[in-house]
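Each remark here refers to the structure printed beneath this line.
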Amino acid sequence: MAGKFELWVDKGGDWRFNLKAGNGQVIATSQGYSSKASAVNGIESIKKNAPDAEVVEIEK
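full-length UniProt numbering puts the last residue of the sequence shown at 60; the count rises by one with no breaks.
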């Protein structure tokens, strides 16, 4: 099963989304957005920009 984005309105009225892995585990959670369109734009940005994203370890 492929991953999926789940989009919802939180208790404060903000739009949010989770990215879930194929096994149903949440692997990313968004910030709150004031509109559904903004949340969908956030999803589209991840789809567009993340496939080749570099992983950088931050050392303390």
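For glycine and all other residues, C-beta sits at the position ideal for the given N, C-alpha and C.
Residue burial is scored here from C-beta neighbours: Trp8 has fewer than 16 other C-beta atoms within 10 angstroms and is therefore classed as exposed. Residue burial annotation: Ala39 is buried, with at least 16 other C-beta atoms found within 10 angstroms of its C-beta. Uninterrupted beta strand (DSSP E) stretches at least 3 residues long and entirely within the UniProt domain "DUF1508" (10 to 57) occur at 15 to 20, 26 to 29, given in chain order. Leaving aside the five residues that flank Ile27 on each side, the residues in its chain whose CB is nearer than 6 angstroms to its CB run, in chain order, Leu19, Ala21. The beta carbon of Gly32 sits closer than 6 angstroms to those of Asp14, Arg16, all from its chain and outside the five residues before and after it, given in chain order.
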